[in-house]
Amino acid sequence: VTLEVKSTVGDIEFMDADYNGVAIGGLPSKQITFTIVAGQSNLDVVYVFTDPDNGAGTLNEVCDGGTLLAKIHALNPAVRYVICA
Amino acid sequence: MKRCEAIVFSLLFICATCIVAQGQTAPKLVKPPAACVGPLDDVRKDARGSADRQKDIASLLSINEQAACFAQFAAQRASQQDARSSYTAFLKALENARTDKQAGSSTGTGGTSSLVSKGTTAQVLSVAAEYGALTESVSNQVVTVKGSLEGLPVALIRQGILPYCPGNGGPQDSLCAHEGLLRQLRKISYGVSFNTTQNPQSVSGTPAGSSQGNTQPVTFTATGHQITAATARFILWNARDSTSAEFKKKWEDALKPSSTAKAAGVGTATSTSPDTSPSFLEAAGTSLKTGLQTLVNSLKLIPENKDYTDWFDRAEQALLSASDTDLEQTWSDQMDQFLVLAQKADPNYLSHVNDFLRGLSRYSFEENDFINSLAYKPVLTLEYDNNRPAGQIYTSKILFAFDKGFGGNAAGSIVANGAFEIYDSQPSKSIPGASRWRDAQFGAEVDWKLASTIKKTGLASIIPNATSPTVSATYYFQHQISPAILNVNPATPLQGITLTRLSSNATQVFARKGNISIGQLKLTLGSGSMRVPFAVSYSNRTELITKHEWKAEIGISYDFDSLFASAGSGKTGQ
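In the order they appear, the protein sequences are chains C and F.
The opening position of the first sequence corresponds to residue 1326 in the working numbering, with each subsequent residue numbered one higher.
The opening position of the second sequence corresponds to residue 9 in the working numbering, with each subsequent residue numbered one higher.
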């Protein structure tokens, strides 16, 4: 699966990320790609913002329609997403 | 300091325990912590009963998704203060590894490759070793140490030794570094140049008694000139751009991952900008991620924490039923209940909260610092130089430096200097035309970073990016009001100067004064921490020699800011 950040205030990128305990390479970037494993797993993400006070955006899937998965706020740059498959 | 912090935290912990133990009388919410405001607003914006509102409430109540909000709420309850504002608004520090940083010495030290001064110096410390002379007649090897007054508190903050206080009117703590103070310290930098030429210190002897046979007692006196210059610099005018499209482009370019360090994964693997390294930010991001994992894992939510899921269901229902006016208080009540559960799941929960908030504060600081390294640029700087050349009257110089970027991505910059210099003591009246006013100076330099040119012309595959060359063309003019004066002493001859047929009672010698014009072409290789300038210059004369000269200058500088970054990163591998 490939996820991307879309910014609404300022600019946002993935600064650091782990999926299922393994660091995702190629960061910082606007997109991350990883292979989902069966069962419950964690995606731990740290975002970086051009506006550390008011920056905002959304986390989306990269696909037709680009499902909005979560909102992103600059004051909450470290987030864990629990993924079940 | 650490003991003080431990005491403060212990008090907070005890206070929080008391509050939670009282249970029935949960404190009223004074103001939602900063990280909770956005998620609460998201809920408020949704229509009551809508699917969006339910989704935003679920997100608001998830510590996984709102770790900063949960941690700040716990800290707020512990201290009855907004912990986020105690930790946030972090420093906007000086730049790490910018090409406009001048690490070497100023003109006049006898060992410099720079004809003009720039406004910026390293945040913590930089060291430069240079060989060559521009206006002087004798080349020396000079090592220059530079830093900014902000450097020390920033280093202590990055090491977690010194707490930080924001300048936004939040609670003030006498044991912390205040943003306002740091902002002022950031404008002041210093430099000391040492003459490391072989044998800069000499010993002279004078008879201390009558000779006895072929022996004689002597009193020895040491003369040393190791410190050749001291500099103080104050930034009068800064320019800041952190919102333009050009800034966003610079920000994205500077963040791009290193092709060698992070080849795996998606994203275009190109090198970082030669100007700015995100190493501090990367380290702080990794540290924050570890803090998040420790905090959330401490609650043992997996496979299932029944207390937590029960609380979540109750809290969700309460918030779904709450009106917009009751929303904050209802949420606050539920969060108080969560705090009880969290400490039941892990008695060290507040300790993890504290660690997470420390990581969050440092990350916020580094985010701002990284932005400022791209967005801030000193435009006008005032500099004071005290030059202490060996065998000469010491001088003081007041210099104004103007520095402005131009071209796409600010690939070019123009620097202009104007200065006047006086002798620290009155020269001998027997020297014709001598006065306290020594000289007036003007210099202008145009720099052009070749990185973008190399990319455009496809030379990137041939020229490694690590060299990131910058070419500079400089013109320097010096009007000598007084002639250059040398102090002479038969017992301690001047380094590199031989005087013959000098009168035995002469104590000062002077050269014919005149105007000095120098042109210089310079190529600076290196990026990030290390830079190596090579220069060739032509002058119509020097201060002592009235004939034209070709000279070469070379140097090396190392910016220790990035070294402090890796040392203080607290980086933990996963």
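Quick reminder that beta carbons are idealized off the backbone N, C-alpha and C, glycines included.
What you are looking at is a predicted structure, and each value in this text was computed from that prediction instead of being measured.
Rounded Cβ spacing between residue i and residue j (contact assumed at less than 8 Å)
i, j, result
"F1374 (chain C)", "E557 (chain F)", "Not quite, the Cβ-Cβ distance comes to about 53 Å (not below 8 Å), so this is no contact."
"P265 (chain F)", "L1352 (chain C)", "6 Å"
"S404 (chain F)", "S443 (chain F)", "Between S443 (chain F) and S404 (chain F) the Cβ distance is about 14 Å, and since that is not below 8 Å, they are no contact."
"I439 (chain F)", "I493 (chain F)", "6 Å"
"Y384 (chain F)", "R248 (chain F)", "5 Å"
Rounded straight-line distance, which links the Cα of residue j to that of residue i
i, j, result
"I1349 (chain C)", "L1328 (chain C)", "12 Å"
"A82 (chain F)", "L358 (chain F)", "7 Å"
"G426 (chain F)", "V454 (chain F)", "15 Å"
"T152 (chain F)", "S565 (chain F)", "9 Å"
"K521 (chain F)", "I562 (chain F)", "28 Å"
"D54 (chain F)", "G159 (chain F)", "46 Å"
"I1361 (chain C)", "F410 (chain F)", "55 Å"
"L1369 (chain C)", "S252 (chain F)", "Note that residue 1369 (chain C) corresponds to Asp in the displayed sequence, not to Leu. About 30 Å."
"V45 (chain F)", "G420 (chain F)", "42 Å"
"L407 (chain F)", "H487 (chain F)", "15 Å"
"G273 (chain F)", "N362 (chain F)", "Its pLDDT being 34, under 50, G273 (chain F) is placed unreliably by the model, and nothing is read from it."
"N356 (chain F)", "W319 (chain F)", "20 Å"
"R56 (chain F)", "G1380 (chain C)", "26 Å"
"L99 (chain F)", "D1389 (chain C)", "Note on L99 (chain F): pLDDT 31, under 50, position unreliable in the model; the coordinate value appears next. Computed Cα separation, rounded: 41 Å."
"A544 (chain F)", "R241 (chain F)", "According to the sequence shown, residue 544 (chain F) is Val rather than Ala. Roughly 27 Å between the two C-alpha positions."
"A216 (chain F)", "T223 (chain F)", "12 Å"
"Q301 (chain F)", "A560 (chain F)", "56 Å"
"V348 (chain F)", "D315 (chain F)", "10 Å"
"I65 (chain F)", "A42 (chain F)", "17 Å"
"K39 (chain F)", "W339 (chain F)", "12 Å"
"A1363 (chain C)", "L335 (chain F)", "37 Å"
"V1474 (chain C)", "V479 (chain F)", "Outside the shown range of chain C, which is 1326 to 1410, sits residue 1474 (chain C), and nothing can be said about it."
Proximal chain C residues relative to residue i, where beta-carbon distance stays under 9 Å
i, result
"D50 (chain F)", "K1396 and H1398"
"V348 (chain F)", "Here the premise fails: no neighbours, minimum Cβ distance about 22 Å."
"W245 (chain F)", "None at all; the shortest Cβ gap to chain C is about 24 Å."
"A42 (chain F)", "D1378 and L1400"
"S58 (chain F)", "Within chain C, no residue comes near S58 (chain F); the closest Cβ sits about 15 Å away, beyond 9 Å."
Counterpart residues of residue i in DSSP-defined beta bridges
i, result
"Y384 (chain F)", "F:R248"
"G1351 (chain C)", "Looking at the DSSP assignment, G1351 (chain C) forms no beta bridge with any residue, so it has no partner."
"D1341 (chain C)", "C:V1371"
"C1409 (chain C)", "C:Q1365"
"M343 (chain F)", "According to DSSP, M343 (chain F) bridges with nothing at all."
"H1398 (chain C)", "C:A1381"
"A448 (chain F)", "F:F428 and F:H487"
"D411 (chain F)", "F:V423"
"P215 (chain F)", "F:V226"
"Q528 (chain F)", "F:T482 and F:S545"
"Q167 (chain F)", "Q167 (chain F) is not bridged to any residue."
"S404 (chain F)", "F:N394 and F:I430"
"Q84 (chain F)", "Q84 (chain F) is not bridged to any residue."
"H556 (chain F)", "DSSP, once it has assigned bridges, lists no residue as partnering H556 (chain F)."
Exposed unless 16 or more other CB atoms sit within 10 angstroms - verdict on residue i
i, result
"F202 (chain F)", "buried"
"S1354 (chain C)", "buried"
"V226 (chain F)", "exposed"
"T508 (chain F)", "exposed"
"Y1372 (chain C)", "buried"
"V1347 (chain C)", "exposed"
"G399 (chain F)", "buried"
"T107 (chain F)", "Reliability fails at T107 (chain F), whose pLDDT of 35 lies under 50, so the model's placement of it is uncertain and no value is given."
"E429 (chain F)", "buried"
"N513 (chain F)", "exposed"
"L69 (chain F)", "buried"
"E254 (chain F)", "exposed"
Cross-chain neighbours of residue i in chain C, by beta carbon under 8 Å
i, result
"V304 (chain F)", "R1405"
"I505 (chain F)", "The premise fails here: I505 (chain F) is roughly 56 Å from chain C at the closest Cβ pair, so nothing lies under 8 Å."
"I379 (chain F)", "T1375 and P1377"
"L289 (chain F)", "M1340 and V1373"
"W456 (chain F)", "The premise fails here: W456 (chain F) is roughly 27 Å from chain C at the closest Cβ pair, so nothing lies under 8 Å."
"L300 (chain F)", "D1369, V1371, A1403, V1404 and R1405"
"S67 (chain F)", "A1395 and K1396"
Proximal chain F residues relative to residue i, where beta-carbon distance stays under 7 Å
i, result
"V1330 (chain C)", "None at all; the shortest Cβ gap to chain F is about 12 Å."
"G1390 (chain C)", "Correct list: empty, because the minimum Cβ distance to chain F is about 17 Å."
"E1338 (chain C)", "L263"
"V1371 (chain C)", "G293, L296 and K297"
Residue i CB to nearest heavy atom of the ligand SAM below 6 Å
i, result
"S87 (chain F)", "Absence of the ligand SAM is noted for the structure shown, with no ligands found whatsoever."
Chain F residues whose Cβ lies nearer than 8 Å to that of residue i
i, result
"A1381 (chain C)", "G46"
Neighbouring residues, chain C, relative to residue i (Cβ below 7 Å)
i, result
"L327 (chain F)", "By Cβ distance, chain C contributes nothing, its closest Cβ being about 16 Å from L327 (chain F), past 7 Å."
"E375 (chain F)", "V1373, F1374 and P1377"
"L259 (chain F)", "According to the sequence displayed, residue 259 (chain F) carries Trp and not Leu. Near W259 (chain F) (Cβ distances below 7 Å), the residues of chain C are D1336 and T1375."
"Q74 (chain F)", "N1401"
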